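Protein chains in written order, with our numbering: chain A, 3 to 490; chain B, 286 to 742.
Taking it in order: structure first as structure tokens, then the write-up.
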Amino acid sequence: MEQLLILLIFLPVIGALVTAFTGNAAKHVALVFAVASLALTAVVAGQFIPDASTQFVVNLPWIQDLGIHFHAGIDGISLITVLLTNVLVPIIILASYQHNYKSPAGFFALILFMQAGLLVVFTAMDAFLFYIGWEAALIPIYFICAIWGGKDRIKVNMKFFVYTIAGSLFMLLGIIYLYLQNPAHNFDIQAFYQLHLDPVQQGWIFWSFFIAFAIKMPIFPFHTWQPDTYTEAPAAGTMLLSGIMLKMGIYGVIRWLLPIVPAGVQEWGNTAIILSIIGIVYASLIAFKQKDAKRLIAYSSIAHVGLISAGIFALNTQGMQGAMIQMLSHGVNVIGLFFVLDIIFSRVKTNTIAELGGIAKSAPKLAIAFLIIVLGTVALPGTNGFIGEFLLLIGIYQYNIWAVVFAGLTVIFGAVYMFRLYQNIMLGKTNELTVGFADIKGTEQIVLVIICALIIVLGVYPKPILHLSEASVQQLLEQVNQKLTSVK
Amino acid sequence: MNIIITIVVTALAVLYAGLFKAKKALLPLTLVGLLISLAFAVTAWNSNTVYYGMMEMDNFAIAFSSLTILGTIFIFLLTQNYFAKDSENVAEYYTLILFALSGIVIMVSYTNMSMLFIGIEIMSVALYILAGIRKSNFASNEASLKYFLMGAFSTGFLLFGITLVYGATGSFSLHAINQYLIGNYQAVSPLFYPGVILIMVGLCFKIGAAPFHFWTPDVYEGAPSLITAFMSTVVKTAGFAAFLRLFAGTFAPLHDFWMPPLMAIVCITLFIGNITALFQKNFKRMLAYSSISHAGYLLFSLVTLTANSANNVMVYAAAYTFASIIAFAVLILVKQKTGHDNFESFNGLGKRNPLVALALTIAMLSLAGIPLTAGFIGKYLMFLNVMNEYQVYLVAFAILNALVGFYYYLRVIVAMYFKEGSEVVLETPVQYKVVLILSVIITIFLGVYPTIILNLI
Numbered sequence: 003m004e005q006l007l008i009l010l011i012f013l014p015v016i017g018a019l020v021t022a023f024t025g026n027a028a029k030h031v032a033l034v035f036a037v038a039s040l041a042l043t044a045v046v047a048g049q050f051i052p053d054a055s056t057q058f059v060v061n062l063p064w065i066q067d068l069g070i071h072f073h074a075g076i077d078g079i080s081l082i083t084v085l086l087t088n089v090l091v092p093i094i095i096l097a098s099y100q101h102n103y104k105s106p107a108g109f110f111a112l113i114l115f116m117q118a119g120l121l122v123v124f125t126a127m128d129a130f131l132f133y134i135g136w137e138a139a140l141i142p143i144y145f146i147c148a149i150w151g152g153k154d155r156i157k158v159n160m161k162f163f164v165y166t167i168a169g170s171l172f173m174l175l176g177i178i179y180l181y182l183q184n185p186a187h188n189f190d191i192q193a194f195y196q197l198h199l200d201p202v203q204q205g206w207i208f209w210s211f212f213i214a215f216a217i218k219m220p221i222f223p224f225h226t227w228q229p230d231t232y233t234e235a236p237a238a239g240t241m242l243l244s245g246i247m248l249k250m251g252i253y254g255v256i257r258w259l260l261p262i263v264p265a266g267v268q269e270w271g272n273t274a275i276i277l278s279i280i281g282i283v284y285a286s287l288i289a290f291k292q293k294d295a296k297r298l299i300a301y302s303s304i305a306h307v308g309l310i311s312a313g314i315f316a317l318n319t320q321g322m323q324g325a326m327i328q329m330l331s332h333g334v335n336v337i338g339l340f341f342v343l344d345i346i347f348s349r350v351k352t353n354t355i356a357e358l359g360g361i362a363k364s365a366p367k368l369a370i371a372f373l374i375i376v377l378g379t380v381a382l383p384g385t386n387g388f389i390g391e392f393l394l395l396i397g398i399y400q401y402n403i404w405a406v407v408f409a410g411l412t413v414i415f416g417a418v419y420m421f422r423l424y425q426n427i428m429l430g431k432t433n434e435l436t437v438g439f440a441d442i443k444g445t446e447q448i449v450l451v452i453i454c455a456l457i458i459v460l461g462v463y464p465k466p467i468l469h470l471s472e473a474s475v476q477q478l479l480e481q482v483n484q485k486l487t488s489v490k
Numbered sequence: 286m287n288i289i290i291t292i293v294v295t296a297l298a299v300l301y302a303g304l305f306k307a308k309k310a311l312l313p314l315t316l317v318g319l320l321i322s323l324a325f326a327v328t329a330w331n332s333n334t335v336y337y338g339m340m341e342m343d344n345f346a347i348a349f350s351s352l353t354i355l356g357t358i359f360i361f362l363l364t365q366n367y368f369a370k371d372s373e374n375v376a377e378y379y380t381l382i383l384f385a386l387s388g389i390v391i392m393v394s395y396t397n398m399s400m401l402f403i404g405i406e407i408m409s410v411a412l413y414i415l416a417g418i419r420k421s422n423f424a425s426n427e428a429s430l431k432y433f434l435m436g437a438f439s440t441g442f443l444l445f446g447i448t449l450v451y452g453a454t455g456s457f458s459l460h461a462i463n464q465y466l467i468g469n470y471q472a473v474s475p476l477f478y479p480g481v482i483l484i485m486v487g488l489c490f491k492i493g494a495a496p497f498h499f500w501t502p503d504v505y506e507g508a509p510s511l512i513t514a515f516m517s518t519v520v521k522t523a524g525f526a527a528f529l530r531l532f533a534g535t536f537a538p539l540h541d542f543w544m545p546p547l548m549a550i551v552c553i554t555l556f557i558g559n560i561t562a563l564f565q566k567n568f569k570r571m572l573a574y575s576s577i578s579h580a581g582y583l584l585f586s587l588v589t590l591t592a593n594s595a596n597n598v599m600v601y602a603a604a605y606t607f608a609s610i611i612a613f614a615v616l617i618l619v620k621q622k623t624g625h626d627n628f629e630s631f632n633g634l635g636k637r638n639p640l641v642a643l644a645l646t647i648a649m650l651s652l653a654g655i656p657l658t659a660g661f662i663g664k665y666l667m668f669l670n671v672m673n674e675y676q677v678y679l680v681a682f683a684i685l686n687a688l689v690g691f692y693y694y695l696r697v698i699v700a701m702y703f704k705e706g707s708e709v710v711l712e713t714p715v716q717y718k719v720v721l722i723l724s725v726i727i728t729i730f731l732g733v734y735p736t737i738i739l740n741l742i
């Protein structure tokens with residue numbers, strides 16, 4: 003069993019090393035490895051027993067003098083994020099097929115490296131390992147965005163990098179502090195769960211972790227790096243950032259923040275929810291005004307993530323389960339949106355909304371796919387977005403009725419700006435740019451079919467996914483509540 | 286002792302080889318000599334030999350000697366044609382560097398204040414000459430003069446400090462001084478305190494810690510790059526070992542007294558080093574200022590003395606040495622080709638010289654402290670050390686500084702990969718490739734599996 007998880011984590015590393023030396027065939031090699039990872043994930047998911055336990059546990063001594071172990075395992079919460087990563091990475095690689103990136107070997111190798119880093123983050127049971135994965139995922143995406151990005155990439159990426167690394171360093175400070183508090187002097191997650199910290203300590207630890215996670219997601223006011231970075235990154239980079247990487251922040255909150263410092267969460271969780279809700283309203287309002295479609299999606303992403311984080315800090319099963327499924331749905335949807343914009347950009351070299359229009363006439367298949375993705379994004383019942391947002395809103399409602407009033411705005415605002423986006427791009431009159439718009443074909447078609455299928459399947463039958471994480475989520479909340487009552 | 290003897294004999298042999306115009310023999314001779322002394326060092330492990338109470342080859346001394354000798358070997362490998370264009374008498378370079386190294390071995394193994402002084406002087410005098418060895422170059426002359434004046438000045442401080450300590454304790458022996466401190470803990474002679482501070486000032490000059498750092502940027506810039514590499518890696522490591530031996534060992538009972546001023550020095554050093562490095566347009570000056578900031582991180586291990594302090598310095602110094610050697614090696618290659626050492630000269634390096642660019646990237650990531658490189662483990666140990674007494678604010682301050690560091694180290698990476706450049710192909714001799722590859726391997730290996738050196742000393 004434990005070999006399975008080691009293989010899962012290191013297969014992308016091997017893939018990256020192989021890909022790095024394959025020259026122009028890199029994309030095919032990378033895809034083979036990504037699909038192999040996906041198959042392996044399917045095996046893992048098949049063998050997974052959906053109870054609250056941690057399975058496939060690997061615990062090897064690594065830097066023993068410092069109490070660092072290669073300790074990883076998968077429970078329901080991890081499994082969802084591992085699924086997310088390994089389903090989306092092959093899609094992202096396939097979506098990059100149409101591009102002729104310069105030095106493709108490096109490009110695809112970096113994607114696979116990043117995948118390995120993400121898998122470490124999502125399975126780590128050792129805080130130090132978690133931190134290593136956290137940083138190891140950042141370095142490749144930095145290079146992807148900075149080498150293959152748009153013309154302002156250097157400045158924008160510097161901001162992105164400094165922001166995220168600042169967050170991580172303060173998290174490191176928190177981790178070291180917890181390590182010293184732990185009498186066993188190791189980084190084991192269970193030991194961290196059992197620490198008895200006083201409320202003041204918990205407050206500090208809360209912030210040292212929360213800032214790192216908030217920057218990654220991003221939550222208002224830590225989001226300012228995000229729209230620029232999304233805009234300037236190459237298509238695959240944007241998909242990795244929005245589809246998978248921001249889930250690192252959400253996962254971090256669930257796995258590390260809530261159970262370790264529940265009193266800190268109790269004290270500061272309101273602030274986190276308020277910030278999330280401000281982010282929802284603020285980002286939605288800004289999304290209205292965007293002229294560039296890519297920026298619009300970037301801001302809508304801030305709004306959606308705000309809803310997820312508010313749902314988590316509501317600290318109830320519905321909110322948490324909503325967050326779990328919404329992580330998956332948001333990943334699929336946002337990748338779909340960015341891919342459609344990438345297809346449009348590759349044909350007409352613009353993402354400015356005003357310059358587009360009437361694409362549906364010449365590219366009906368693209369229009370249908372885009373419509374399905376938009377419907378998923380605005381959470382139409384029967385699509386994947388619905389079940390997640392529904393659960394999240396119930397969760398927030400239980401927390402506070404006013405919170406849900408404002409958080410619910412994301413649904414309304416989202417529908418307005420997404421439909422307007424759709425209308426302005428796809429419908430209406432064609433102009434000289436869009437008149438000869440070629441419809442999707444080949445890999446584009448495959449990718450969009452997969453994405454649309456995921457949207458519908460997850461929307462119609464979300465139960466198996468919800469079932470995977472349910473027991474783990476329950477246990478986690480019980481743990482948090484138990485710790486809170488024992489403090490009192 | 287045979288380590289020092291081997292180095293000195295090698296130095297003399299090289300000098301004679303130079304006299305008889307055997308230029309081809311210089312490098313092999315030096316390398317053989319250094320490898321033999323390295324072998325002596327390794328075989329002396331755990332033997333703990335004391336030499337008349339003046340020097341002690343304990344594991345601490347052996348570990349640091351080995352590190353400095355290895356660093357010197359790497360730097361010698363980079364000398365391919367480097368000195369030949371400056372001077373007819375290449376042998377002098379070799380001899381002087383080797384003499385400096387012999388001083389360094391004394392600096393890491395002294396158990397008597399007089400040996401500390403002698404070691405520092407042997408090293409420094411050789412370096413004064415090396416810094417100014419380009420006779421016709423104005424910057425090199427300036428560097429030499431500045432280094433000499435500042436060095437002489439700091440020696441004065443050091444000597445005065447040693448004298449005061451001698452006055453208080455009646456001995457130069459570290460052991461005796463330590464016994465005195467333990468025995469008279471409540472009533473240490475008032476002469477002792479200024480003595481400690483003056484010694485600290487003298488040593489801070491040598492390691493280039495702020496506010497005694499003013500000589501570093503100019504000297505580093507003016508001296509030939511290879512000499513700068515030697516100064517900022519091997520010499521600096523030796524300075525720290527000397528510092529550590531005295532303060533973490535002998536003066537440890539007075540920790541409460543000398544820690545606050547040291548903490549101030551740490552903060553100023555980190556701040557000044559990082560902020561000024563941020564504004565440099567010249568890669569070499571950036572390295573000079575960043576080396577000041579690394580001095581700040583290294584001093585962390587003295588702020589909180591733990592059982593691991595010495596070893597933490599060892600790990601950090603190793604990480605820093607090998608990453609810096611890569612940086613200077615690439616700098617030399619780039620300067621040979623383009624004639625400049627500002628950041629623009631590195632533009633477009635990634636396309637034409639993937640090996641060199643990759644090595645420099647890993648070096649920069651290590652200096653910045655990114656996980657899975659040796660630099661991260663080094664920084665992590667330093668932070669951990671200080672966090673042991675929950676000096677959270679100091680660590681937070683250091684983290685903010687590390688953030689500034691990321692910014693300027695990334696500038697090189699940005700230049701190499703993301704900016705269009707003249708796309709020159711560097712001529713990378715085999716020795717350079719060997720040094721780059723070995724240093725990269727060491728950097729990554731120590732980053733991924735640091736266990737082998739974590740409890741060395």
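For glycine and all other residues, C-beta sits at the position ideal for the given N, C-alpha and C.
Predicted model only: the values in this text are computed from it and were never measured.
query                                                                                                                                                                                       : result
What in chain B is Cβ-close to M160/A, meaning under 8 Å?                                                                                                                                   : Y692, L695, V699
Any residues in the segment 660–685 of chain B with a beta carbon nearer than 9 Å to a beta carbon of chain A? Which ones, in chain order?                                                  : F661, I662, Y665, L666, F668, L669, M672, N673, Y675, V677, V680, A681, I684, L685
With a cut-off of 8 Å on the beta carbons, I'd call G338/A and G239/A a contact; round off their distance for me.                                                                           : Rounded, the Cβ-Cβ distance is 16 Å, inconsistent with contact.
Cβ of L650/B less than 9 Å from any chain A Cβ?                                                                                                                                             : yes
Could you tell me the distance, in whole angstroms, from the CA atom of K465/A to the CA atom of F421/A?                                                                                    : 28 Å
Taking only three categories from DSSP, how would you classify I610/B?                                                                                                                      : helix
Distance, Cα to Cα, A126/A vs S322/B?                                                                                                                                                       : 45 Å
With distances taken between CB atoms, is the gap from G69/A to N188/A smaller than 9 Å?                                                                                                    : yes
Measure from the alpha carbon of G534/B to the alpha carbon of each residue in I467/B, A416/B, A428/B, Y378/B, then state which is nearest.                                                 : I467/B
What is the DSSP secondary structure of L62/A, counted as helix, strand or coil?                                                                                                            : strand
Please state whether DSSP places S105/A in a helix, a strand or coil.                                                                                                                       : coil
Under the three-state reduction of DSSP, which class applies to F222/A: helix, strand or coil?                                                                                              : coil
Output yes if chain B places a C-beta closer than 9 Å to the C-beta of A128/A; else output no.                                                                                              : Sequence inspection shows Asp at residue 128/A; the Ala mentioned does not correspond to that position. Closer than 9 Å: no.
Any chance the segment 275–285 of chain A sits against the segment 352–365 of chain A, with 3 or more Cβ pairs inside 8 Å?                                                                  : no
Can you list, in chain order, the residues of its chain whose CB lies under 7 Å from that of Q565/B, leaving out five sequence neighbours each side?                                        : M571, Y574
Using DSSP bridges, identify the partner residues of M342/B.                                                                                                                                : T334/B
Indicate whether at least one CB of chain A lies closer than 9 Å to the CB of N642/B.                                                                                                       : The amino acid occupying residue 642/B in the given sequence is Ala; Asn does not appear at that position. Judged by the 9 Å Cβ criterion, A642/B is not in contact with chain A.
P479/B CB to nearest chain A CB: under 9 Å?                                                                                                                                                 : no
Give a yes or no on whether 9 Å exceeds the smallest Cβ distance from D67/A to chain B.                                                                                                     : yes
Judging by CA-CA distance, which residue of I492/B, Y601/B, A595/B is the nearest neighbour of I550/B?                                                                                      : I492/B
Please report whether the beta-carbon of R155/A lies at a distance below 9 Å from any beta-carbon of chain B.                                                                               : yes
With DSSP collapsed to three states, give me the class of S458/B.                                                                                                                           : strand
Could you tell me whether any non-hydrogen atom of the ligand FAD is closer than 8 Å to the CB of I252/A?                                                                                   : In the structure on display, the ligand FAD does not appear, and there are no ligands present to speak of.
Residues of chain A with CB under 8 Å from A348/B, in chain order?                                                                                                                          : Per Cβ cutoff of 8 Å: no residues; A348/B is ~16 Å from chain A at best.
Any Cβ of chain C within less than 9 Å of the Cβ of T295/B?                                                                                                                                 : Absent from the structure is chain C; the protein chains it does hold are A and B.
On the CB-based measure, 16 or more other CB atoms within 10 Å of its CB, does L449/B come out buried or exposed?                                                                           : buried
Locate the beta strand (DSSP E) running through H1/A, then write down its first and last residues.                                                                                          : Nothing about residue 1/A can be reported from this structure: the residues present for chain A run from 3 to 490 only.
Can you tell me the Cα-Cα spacing of H428/A and A369/A, whole angstroms?                                                                                                                    : The residue asked about is misnamed: residue 428/A is Met in this sequence, not His. Rounded to whole angstroms, M428/A to A369/A spans 6 Å at the Cα level.
Between which two residues does the alpha helix (DSSP H) containing S744/B stretch?                                                                                                         : The structure shown does not extend to residue 744/B, since chain B is modelled only from 286 to 742, so the question has no answer here.
List, in chain order, every chain B residue whose beta-carbon is nearer than 7 Å to that of I207/A.                                                                                         : Going along chain B, no residue has its Cβ under 7 Å from I207/A, so there is no contact; the nearest lies around 11 Å.
Identify, in the order they occur along the chain, each residue of the same chain with its Cβ nearer than 7 Å to the Cβ of F194/A, setting aside the five sequence neighbours on each side. : A129, L180, N184, I262
Measure the alpha-carbon distance for A644/B versus F568/B and round it to whole angstroms.                                                                                                 : 16 Å
Using a Cβ-Cβ cut-off of less than 7 Å, list which residues of the segment 165–182 of chain A approach chain B; keep chain order.                                                           : I167, A168, L171, F172, L175, I178, Y179, L182
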